[in-house]
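Numbering (our numbering), first residue to last: 12 to 286. Virtual Cβ for every residue (Gly too), placed ideally from N, Cα, C. Notes follow once the structure below has been shown.
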Amino acid sequence: MSEFATFMAAPAAACIILAVVFSYFGVHVLKREIVFVDLSLAQLAALGTTVAYVMEIELDTGGSQALSLAFVAAGAVFFAYIRFLQTRVPHEAIIGIVYVVGASLAILIVNRAPHGAEHLKNLLDGSILWINWKGLLQLTVVVALVSAVHWRYRERFFELSREYKNSTGSGNFQTLWDFVFYLSLGLVIVSSVRTAGVFLIFTLLIVPAVCGALFFDSMTRQFAAGAVLSVLVSVSGLIVSYLFDQPTGAVVVSCFGLAFLAALIARRFMAAGNR
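Structure (structure tokens):
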């Protein structure tokens, strides 16, 4: 039992940290109705890692992380800029295009690389069960820095998210704050995409926020409820994947699917009881 607890300590801590920080970003993304932005930024981070892989830059090094961050920063600039473009298509559609193009480019880049398919699979599914204390420390530092910025300017971020759909101006002020939001989310993604994987990151961002929104109107309550749910489900999924020797990312995502179904059913019964 002690060996089990020792082995699971770092992965469980990583799950808790990611569950809380992505639940926070999730309520903002859901309020802004840009749910694909996380998936697109995660794919851009994965694309940067893939370029580093083909260039034979050792993964989890400064060079690899710098490439991932460069791709994510470019995406943050693009997403902040296109918000105020007078186009005939929704912002969300453009974000989705970025995701699918980024995914396709990653496939093309590693097509002839040795173990390229395995590299892509690892980026999608992650390997959070094998995170060590050094990796956990690096993740904690990044999340702490991002959290400090968002706590300092929390009223501004919440106000912008609440009024996101009503903002029609094209001032540099709003564009700058959008860039800060996307870049800070991207920093967390870059620090976690190799560990958690693209699918789990998207799940941690969206499912808890949606479940919170089913029961609460306040963004702060949505965050609190989503964070608690996310911690419980992600750690439970982590344990299940270890005990049954199954891919961690896929197991945790599946557990979130069950939690979402349970939340829908619970909400249905609550609505029926209030009639």
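Sequence-distant Cβ neighbours of Gly107 in its own chain, meaning closer than 7 Å and more than five residues away, are Phe47.
By the Cβ-count criterion, Pro22 is buried, with 16 or more other Cβ atoms from all chains shown falling within 10 Å of its own Cβ. The beta carbon of Leu58 sits closer than 7 Å to those of Phe82, Gly113, Leu116, Ala117, all from its chain and outside the five residues before and after it, given in chain order. The beta carbon of Ser51 sits closer than 6 Å to the beta carbons of Ile106, Val109, Tyr110 from its chain, once the five residues preceding and following it are set aside; these are given in chain order. The beta carbon of Val251 is closer than 8 Å to those of Gln257, Val262, Cys266 in its chain, skipping five residues each way along the sequence. Contact between the segment 216-232 and the segment 144-160 is not established, with fewer than three Cβ pairs separated by less than 8 Å. Classified as exposed, Ala16 has fewer than 16 neighbouring CB atoms from the shown chains inside 10 Å of its CB. A distance below 9 Å separates the beta carbons of Gln54 and Val209. By the Cβ neighbour-count rule, Asp71 is exposed, with fewer than 16 other Cβ atoms within 10 Å of its own.
Your pair Met230 and Val38 checks out as a contact, with CB atoms roughly 5 Å apart and the cut at 8 Å. With a 10 Å radius around the Cβ and a threshold of 16 neighbouring Cβ atoms, Ser13 comes out exposed.
Counting along the chain, the unbroken alpha helix (DSSP H) around Phe168 starts and ends at 165-173. DSSP places Thr72 in the coil class of the three-state scheme, outside both helix and strand. A direct Cα-Cα distance of roughly 32 Å separates Ile28 from Pro101.
In this structure, DSSP gives Phe267 a helical state, which the three-state scheme calls helix.
For Gly59, the enclosing alpha helix (DSSP H) covers residues 47-65. Around the beta-carbon of Arg165, fewer than 16 other beta-carbon atoms lie within 10 Å, marking it exposed. Three or more Cβ pairs closer than 8 Å define a contact, and the segment 196-209 meets that threshold against the segment 131-150. Per DSSP, reduced to three states, the secondary structure at Asp256 is coil, with no helix or strand assignment. When Leu187, Ile276, Tyr175, Gln233 are compared, the shortest CA-CA separation from Phe33 is found for Gln233. Every unbroken stretch of the alpha helix (DSSP H) spanning 4 or more residues and falling wholly within the segment 177-227 is given here in chain order: 183-207, 209-226. With fewer than 16 other CB atoms across the displayed protein chains lying within 10 angstroms of its CB, Leu272 is exposed.
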